[in-house]
Amino acid sequence: MIVTCTNQSMDTMKRKFAKERDFRHTYAIELKAFIGLLYLAGVYKSKKLWGQDGNAIKKFGLVMSIKRFKILIRCLRFDDRTTRSERKALGHLAPIREVFEKFVKNCQSFYSPSENVTINEMLSGFRGK
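Sequence positions in the sequence shown follow numbering that gives the first Met the number 0 and run 0 to 128.
Here you go:
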């Protein structure tokens with residue numbers, strides 16, 4: 000879903016730029032790499048993630064170019080813009096509602112709390128199922 004919506008956004012954006020080749024469609028594997036780079040950017044907290052001067056972090060340039068990263072940042076979409084106005088009547092979460100609901104469903108399906116659960120920085124015994 001995210002790949003499809005991002006590609007739709009790229010199709011719209013590439014009409015506005017001279018170099019359409021920069022806006023080639025993305026795939027799930029590239030978006031996973033992109034999300035990984037976002038995590039690493041948060042870990043390193045450096046202003047020089049890409050670069051040639053020796054201060055850059057080499058992992059970033061090996062995964063994708065800064066140009067492609069900026070295009071993905073600009074075009075990343077979580078919903079179909081054509082139906083957003085109808086869904087917006089349900090609330091402000093309209094642009095990410097479907098992705099968020101899938102995330103919650105997956106969390107409920109694949110995570111079951113055990114006896115050592117931390118809630119709001121306090122340790123409590125778990126007596127549920």
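Backbone N, C-alpha and C fix where the C-beta goes; we use that ideal spot for every residue, glycine too. The structure presented is a predicted model; accordingly, all values stated were derived computationally and were not measured.
| Check | Outcome |
| --- | --- |
| Of the residues Arg96, Lys69, Ser113, Phe33, which one's Cα is nearest the Cα of Met12? | Lys69 |
| Counting Cβ pairs, one atom from each stretch, are 3 or more of them under 8 Å apart for the segment 54–66 and the segment 102–110? | no |
| With DSSP as the reference, identify every bridge partner of Lys103, one or two as the case may be. | For the sequence presented, residue 103 should be read as Val rather than Lys. Answer by DSSP bridge pairing: none, since Val103 is not bridged. |
| Could you spell out where the alpha helix (DSSP H) holding Phe77 opens and where it closes? | Segment: none, Phe77 is in no alpha helix (DSSP H) and carries neither H nor E. |
| With distances taken from CA atoms, which of Tyr110, Tyr26, Phe22 is nearest Thr3? | Tyr26 |
| Could you tell me which of Lys15, Phe16, Leu30 sits nearest to Leu75, measuring between CA atoms? | Leu30 |
| Whole angstroms is fine: what's the gap from Thr82's alpha carbon to Phe22's? | 23 Å |
| Helix, strand or coil for Gly90 per DSSP? | coil |
| In angstroms with no decimal places, state the Cα-to-Cα distance between Ser45 and Gly60. | 14 Å |
| Between which residues of its own chain and Pro94 is the CB-CB distance below 7 Å, once the five residues before and five after are set aside? | Phe77, Asp78, Arg83 |
| Pull up the distance between the alpha-carbon of Met65 and that of Gly35, whole angstroms please. | Checking the sequence, you will find Ile at residue 65 rather than Met. Their Cα atoms are separated by approximately 14 Å. |
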